[in-house]
Amino acid sequence: MPPSPSDPNFQEGAADPAELLLAEAQKRLRAALAGLDHALSRHNELTLEQADQVAEFSALQEDRSRLARQLDAATTRMRVLEAANVEAARRIERASAAVREVIANDLAADADADPAADLGDHSSQED
2 MPPSPSDPNF QEGAADPAEL LLAEAQKRLR AALAGLDHAL SRHNELTLEQ ADQVAEFSAL
62 QEDRSRLARQ LDAATTRMRV LEAANVEAAR RIERASAAVR EVIANDLAAD ADADPAADLG
122 DHSSQED
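The numbering of the sequence shown is this note's numbering, which starts it at 2 and goes up by one.
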């Protein structure tokens, strides 16, 4: 029952207690909805940040995989080149030894030749 004007607690223009309770409940509801809205906004921000981090991590993983493949290919190429270098050095050494042997044989053949026979040939050509 609403207070009567003769009641000492009666105030002119005062709302009914049920209206006061309703107004207070609406105020709490608006505050709760504002809090929920803020929480949802923050959750969305965090979800977007997490998605960005996942994308960045994925890109880093792809880069790491690509670099690992490039390193493996470069290592394989280096090993092939090293083997070719060893083979080329072996062949060059073998060819150098053959050239040294030919030169040594030519020098030995020249030394064994008769110097007088060479002179005789030259003198007969002069006549």
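The beta-carbon is built from N, C-alpha and C at its ideal position, and this holds for glycine as well.
Since the structure is predicted, the reported quantities are computational estimates derived from the model, not experimental observations.
Could you check the C-alpha separation between Ala52 and Asp17 for me, to the nearest Å? What you label residue 52 is simply residue 51 of the sequence shown in a count that begins at 1. What you label residue 17 is simply residue 16 of the sequence shown in a count that begins at 1. Their backbone Cα atoms lie some 52 angstroms apart in a straight line.
C-alpha distance - Thr76 paired with Glu102, whole-angstrom precision: Residue numbering aside, residue 76 sits at position 75 when the sequence shown is read from its first letter. Residue numbering aside, residue 102 sits at position 101 when the sequence shown is read from its first letter. So the alpha carbons of these two residues sit roughly 39 angstroms apart.
First through last residue of the alpha helix (DSSP H) which encompasses Ala26: Mapped onto the sequence shown, residue 26 falls at position 25. Start and end: Pro18 to Asp113.
Separation of Ser59 from Leu37, as counted between CA atoms: One-based indexing of the sequence shown puts residue 37 at position 36. One-based indexing of the sequence shown puts residue 59 at position 58. Roughly 32 angstroms separates the two Cα atoms.
To the nearest angstrom, how far is the alpha carbon of Ala85 from that of Arg67? Here residue 85 refers to the residue found at position 84 when the sequence shown is read from its first residue. Here residue 67 refers to the residue found at position 66 when the sequence shown is read from its first residue. Near 27 angstroms, if we compare the C-alpha coordinates of Arg67 and Ala85.
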